[in-house]
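**Student:** One structure, pasted below without further comment.
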Amino acid sequence: MALVEARQLTKVFRRPDKDPGMRGAVKHLFVRRFVDKTAVDHVDLSIDAGEAVAYVGPNGAGKSTTVKLLSGILQPTSGEVRIDGLSPQKDRIAVSHRIGVLFGQRTQLWWDLPVSESLAVLRDVYGIDHGTYRRRMARFEEVLELGEVLPVLGRKLSLGQRMRADLAAALLHAPPVVYLDEPTIGLDLAVKDRVRQFFRTVRDEGTTVMLTSHDLGDIEGFCRRLVIIDEGRIIFDGDLEAVKDAFARERILNVQTETVVPLEAARAALPGAAIEAGETPLHLGVRFDRFTMTAGHVVSALAPLANLVDFNVDEPSIEDVIRRVYSGELVLQP
Amino acid sequence: MKPYTAHARAAALSALAYRGNFLLSLGGAAVQLIALLAVWKVLLADGQVGGFDWPHMRAYLVVAFASATLVGTFVDFRMSHRIRSGLVALDLVKPVDYQRARFAETAGGVWIEAVAVIVVVAITVAIGGALDTPPGPMLGLFAASIVLIVPLKFAVSYLSTLACFWTENFVGVLWARQALTGLLSGALVPLAFFPGWLATTAQWSPFAGLTSTPALIFIGQASGTHAVLLVATQLGWVLVMWYGARLLFRRGLRRLTVNGG
Ligand SMILES: Nc1ncnc2c1ncn2[C@@H]1O[C@H](COP(=O)(O)OP(=O)(O)OP(=O)(O)O)[C@@H](O)[C@H]1O
Ligand SMILES: [Mg+2]
Numbered sequence: 001m002a003l004v005e006a007r008q009l010t011k012v013f014r015r016p017d018k019d020p021g022m023r024g025a026v027k028h029l030f031v032r033r034f035v036d037k038t039a040v041d042h043v044d045l046s047i048d049a050g051e052a053v054a055y056v057g058p059n060g061a062g063k064s065t066t067v068k069l070l071s072g073i074l075q076p077t078s079g080e081v082r083i084d085g086l087s088p089q090k091d092r093i094a095v096s097h098r099i100g101v102l103f104g105q106r107t108q109l110w111w112d113l114p115v116s117e118s119l120a121v122l123r124d125v126y127g128i129d130h131g132t133y134r135r136r137m138a139r140f141e142e143v144l145e146l147g148e149v150l151p152v153l154g155r156k157l158s159l160g161q162r163m164r165a166d167l168a169a170a171l172l173h174a175p176p177v178v179y180l181d182e183p184t185i186g187l188d189l190a191v192k193d194r195v196r197q198f199f200r201t202v203r204d205e206g207t208t209v210m211l212t213s214h215d216l217g218d219i220e221g222f223c224r225r226l227v228i229i230d231e232g233r234i235i236f237d238g239d240l241e242a243v244k245d246a247f248a249r250e251r252i253l254n255v256q257t258e259t260v261v262p263l264e265a266a267r268a269a270l271p272g273a274a275i276e277a278g279e280t281p282l283h284l285g286v287r288f289d290r291f292t293m294t295a296g297h298v299v300s301a302l303a304p305l306a307n308l309v310d311f312n313v314d315e316p317s318i319e320d321v322i323r324r325v326y327s328g329e330l331v332l333q334p
Numbered sequence: 001m002k003p004y005t006a007h008a009r010a011a012a013l014s015a016l017a018y019r020g021n022f023l024l025s026l027g028g029a030a031v032q033l034i035a036l037l038a039v040w041k042v043l044l045a046d047g048q049v050g051g052f053d054w055p056h057m058r059a060y061l062v063v064a065f066a067s068a069t070l071v072g073t074f075v076d077f078r079m080s081h082r083i084r085s086g087l088v089a090l091d092l093v094k095p096v097d098y099q100r101a102r103f104a105e106t107a108g109g110v111w112i113e114a115v116a117v118i119v120v121v122a123i124t125v126a127i128g129g130a131l132d133t134p135p136g137p138m139l140g141l142f143a144a145s146i147v148l149i150v151p152l153k154f155a156v157s158y159l160s161t162l163a164c165f166w167t168e169n170f171v172g173v174l175w176a177r178q179a180l181t182g183l184l185s186g187a188l189v190p191l192a193f194f195p196g197w198l199a200t201t202a203q204w205s206p207f208a209g210l211t212s213t214p215a216l217i218f219i220g221q222a223s224g225t226h227a228v229l230l231v232a233t234q235l236g237w238v239l240v241m242w243y244g245a246r247l248l249f250r251r252g253l254r255r256l257t258v259n260g261g
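For the protein sequence lines, the chains are G and W, in the order given.
Residue 331 in full-length UniProt numbering sits at position 331 of the first sequence, with consecutive numbering throughout.
Residue 199 in full-length UniProt numbering sits at position 199 of the second sequence, with consecutive numbering throughout.
As structure tokens, then:
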């Protein structure tokens, strides 16, 4: 059996359908209407020990809800979860020793105490002996440079400091399974790099990681497996490299011309590419396969039609891929 | 036990971080104490009201001040914030019992309030003379009833902060509760001044244990079996509310985890 198992996992949120204001609230007392929202829809997922899985999808796709179901914070509406054979909802205490959870938007540090005190509380909560604690702290110091953060009060931390401290807090008890929900949100490039480096060391020690992010950079070189969720349903589960091969071929060259170039003329000049209208009639987008065409080729094909004022090349983002996978434009074979 | 002593230790430390706010609210309570002492001194200048003479009333007010100061509103705000901000969700992935952890925090923060009480009582004694203490065994019972204020007040606060699972207006809940406890605990006026039926109801309510019980034992108006019964009532309410809160917490949590808040 896999370390993390979800079978037909479903979560339906029930929200009261109230009109705004006092009148709505009073009316709701008598006529109870609810709207159901299926945030996670019959998800099957099975993660083996040591795997690093990227869990991506557009805003509101149900990623955080899945993480909450997998960690026992939410009760599933139907379906079930097993962590190491245990139910996080029923065997709460036993599972809590096996999982670590980080919500990038939330902190679990004490607001008015230095970070070192927050971590000391967690040390006692998880029953970690002092020798082990010192060893783990030394490692956090090494990769996260935690030392400078330890004496700072929770409420005085910068975002980057807070995230590093929260990472230490989530991983202090060395859980075999770690869920990271947007762990790099709002971080600058230098901190991002450090944090990503830390993820790699965690993975290399054999920890099973499920990572949610909107930043492709978090995933590349870290996760081998990619799971895409949209509107609560898993629409892709497979090898990340395969996806990259499929979509990394695509480039979009955005050009701005001095005079209007009719789309048909551009299409005639560039048979192997797809031409899209840009934000003004003077802008064009040329989508091409970089294995059959180069940006230089596109530019020289367009040059006879008008003077080029400016151009740049877009690399597709993970959102792009998801959107196109979902619309059926891009077909991925798991 | 260790997870809970850790919470208590952290709360004891964090109490220091709020000493500014705390001193301010303490100042307010001390001014109120002085005002009440002044008013009652005039009212009782020659004689008694409702069985209280001036030395008794003075001791009553000092004990009432002490019980009002222990486990202050800061505890309410900390616990309600935990639910409203959703931090409670993160507590579910920890190997701790939520309620015991909150109690440990509350108990850990009491020390600063206890110190303040001792200082204010010492000042009162220095200015107005010593307070009559009850005889030995009753003094022990008084001490027990003062200690019981901590779990009792915690239980009342904890139960009311659980309202945050259902309402966003916690401040409204807090005000209503403060009005109720102020009246029924005997903090505003001794329960003996109430009409009979209300006095009886209040005496056996959970709130009497917050002020009236320790104060009456201290001034000797409750003694012997009556005093033992009052302290047993305090303890009984602590247990009832402790387990009642567990049920309510489970329901609140269901609302959060099943419906999604
Ligand atoms: N507590 C809740 N009550 C009601 N609806 C909720 C609740 N939590 C989430 N939802 C709804 O469930 C859906 C999925 O939300 P979720 O937070 O899982 O998305 P997500 O994939 O994490 O999005 P994002 O990338 O924006 O973080 C959304 O439509 C959201 O509005
Ligand atoms: Mg999310």
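Where is the CB? At the ideal position from N, CA and C, for every residue including glycine.
Remember, it's a predicted structure, so these values are computed and weren't measured experimentally.
Assuming residue 100(G) and residue 178(G) make a contact with CB atoms under 8 angstroms, what is their CB distance in whole Å?
**Tutor:** If you number the first sequence from 1, residue 100(G) lands on position 100. If you number the first sequence from 1, residue 178(G) lands on position 178. The Cβ separation is near 5 angstroms, so the contact holds.
**Student:** Following the continuous beta strand (DSSP E) through residue 55(G), name the residue where it begins and the one where it ends.
**Tutor:** As a working note, residue 55(G) is residue 55 in the first sequence. Run containing residue 55(G): 52–56, per the beta strand (DSSP E) assignment.
**Student:** Between the alpha carbons of residue 22(G) and residue 32(G), how many angstroms are there, rounded?
**Tutor:** The residue you call residue 22(G) lines up with position 22 of the first sequence. The residue you call residue 32(G) lines up with position 32 of the first sequence. Their Cα atoms are separated by approximately 15 angstroms.
**Student:** Would you give the residue range spanned by the alpha helix (DSSP H) that residue 216(G) belongs to?
**Tutor:** Reading the first sequence from its first residue, position 216 is the one you call residue 216(G). Segment 216–219, the alpha helix (DSSP H) holding residue 216(G).
**Student:** Consider the Cβ of residue 238(W): report whether some Cβ of chain G lies at a distance smaller than 8 angstroms.
**Tutor:** Along the second sequence, one-based indexing puts residue 238(W) at 238. No, residue 238(W) lies away from the interface with chain G (no Cβ there is under 8 angstroms from its Cβ).
**Student:** Following a CB-centred definition, is residue 62(G) positioned closer than 7 angstroms to any heavy atom of ligand 1?
**Tutor:** Taking the first sequence and counting its residues from 1, one reaches residue 62(G) at position 62. Yes, since a heavy atom of ligand 1 falls inside the 7 angstroms radius drawn around the Cβ of residue 62(G).
**Student:** Can the beta-carbon of residue 201(G) be found less than 8 angstroms from the beta-carbon of residue 176(G)?
**Tutor:** Within the first sequence, residue 201(G) is the residue found at index 201, counting from 1. Within the first sequence, residue 176(G) is the residue found at index 176, counting from 1. Taking 8 angstroms as the Cβ cut-off, residue 201(G) and residue 176(G) do not qualify as a contacting pair.
**Student:** Can you list, in chain order, the stretches of the beta strand (DSSP E) that have 3 or more residues and sit fully within the segment 238–319 of chain G?
**Tutor:** Counting whole runs of 3 or more residues, the segment 238–319 of chain G contains the beta strand (DSSP E) stretches 250–257, 274–277, 283–289 and 308–314.
**Student:** Within 10 angstroms of the Cβ of residue 189(G), are there 16 or more other Cβ atoms? Answer buried if so, exposed if not.
**Tutor:** Sequence index remark: in the first sequence, residue 189(G) carries index 189 (1-based). By the 10 Å Cβ count, residue 189(G) comes out exposed.
**Student:** Could you have a look at residue 42(G) and say whether DSSP puts it in helix, strand or coil?
**Tutor:** As a first step, residue 42(G) must be located in the first sequence, where it is residue number 42. Strand, per DSSP.
**Student:** In the segment 152–184 of chain G, which residues sit with their C-beta less than 7 angstroms from some C-beta in chain W, listed in chain order?
**Tutor:** The segment 152–184 of chain G vs chain W, Cβ under 7 angstroms: nothing.
**Student:** Does the beta-carbon distance from residue 210(G) to residue 73(G) come in below 8 angstroms?
**Tutor:** Along the first sequence, read from residue 1 onward, the residue named residue 210(G) stands at position 210. Along the first sequence, read from residue 1 onward, the residue named residue 73(G) stands at position 73. Contact flag unset, no.
**Student:** Among 36(W), 121(W), 125(W) and 89(W), whose alpha-carbon lies nearest the alpha-carbon of residue 64(G)?
**Tutor:** Here residue 64(G) refers to the residue found at position 64 when the first sequence is read from its first residue. The residue with the shortest Cα to Cα distance from residue 64(G) is 89(W).
**Student:** Could you pull out every unbroken beta strand (DSSP E) segment of at least 3 residues lying fully inside the segment 174–235 of chain G, listed in chain order?
**Tutor:** Listed in chain order, they are 177–181, 208–212 and 225–230.
**Student:** Taking only beta-carbon atoms, is residue 228(W) less than 8 angstroms away from chain G?
**Tutor:** Against the second sequence, residue 228(W) aligns to sequence position 228. No, its Cβ sits nowhere closer than 8 angstroms to a Cβ of chain G.
**Student:** Mapping the DSSP letters down to three states, classify residue 23(G) as helix, strand or coil.
**Tutor:** Taking the first sequence and counting its residues from 1, the one referred to as residue 23(G) is at position 23. Helix.
**Student:** For a test of the three-state rule: what should DSSP assign to residue 128(G), helix, strand or coil?
**Tutor:** Here residue 128(G) refers to the residue found at position 128 when the first sequence is read from its first residue. The answer is coil: DSSP assigns residue 128(G) none of H, G, I, E or B.
**Student:** If you compare alpha carbons, which of 180(G), 9(G) and 119(G) is closest to residue 154(G)?
**Tutor:** On the first sequence, residue 154(G) is found 154 positions in, with the first residue counted as 1. The candidate whose alpha carbon is nearest that of residue 154(G) is 119(G).
**Student:** Going by DSSP, what residue range makes up the beta strand (DSSP E) through residue 99(G)?
**Tutor:** Within the first sequence, residue 99(G) is the residue found at index 99, counting from 1. Its beta strand (DSSP E) spans residues 99–103.
**Student:** Note down, in chain order, every chain W residue with its Cβ under 9 angstroms from the Cβ of residue 301(G).
**Tutor:** Here residue 301(G) refers to the residue found at position 301 when the first sequence is read from its first residue. Residues of chain W passing the Cβ test: none, with the nearest at roughly 54 angstroms.
**Student:** Measure the alpha-carbon distance for residue 261(W) versus residue 13(G) and round it to whole angstroms.
**Tutor:** The residue labelled residue 261(W) in the question sits at position 261 within the second sequence. The residue labelled residue 13(G) in the question sits at position 13 within the first sequence. At residue 261(W) the pLDDT is 49, less than 50, meaning the model places this residue with poor confidence; the figure from the coordinates comes in the next sentence. One C-alpha to the other measures close to 9 angstroms.
**Student:** Along chain G, in chain order, which residues have C-beta atoms closer than 8 angstroms to that of residue 89(W)?
**Tutor:** On the second sequence, residue 89(W) is found 89 positions in, with the first residue counted as 1. Within chain G, the residues near residue 89(W) are 68 and 73.
**Student:** Go to residue 5(G), then tell me how far its beta strand (DSSP E) extends in each direction, as first and last residue.
**Tutor:** In the first sequence, residue 5(G) corresponds to position 5, counting from 1. 4–16 is the extent of the beta strand (DSSP E) around residue 5(G).
**Student:** Starting from the C-beta of residue 36(W), find all residues in its chain whose C-beta is less than 7 angstroms away, skip the five residues before and the five after it, and write them out in chain order.
**Tutor:** Here the question's residue 36(W) lines up with position 36 in the second sequence. For residue 36(W), where only same-chain residues beyond five positions count, the Cβ hits under 7 angstroms are 61.
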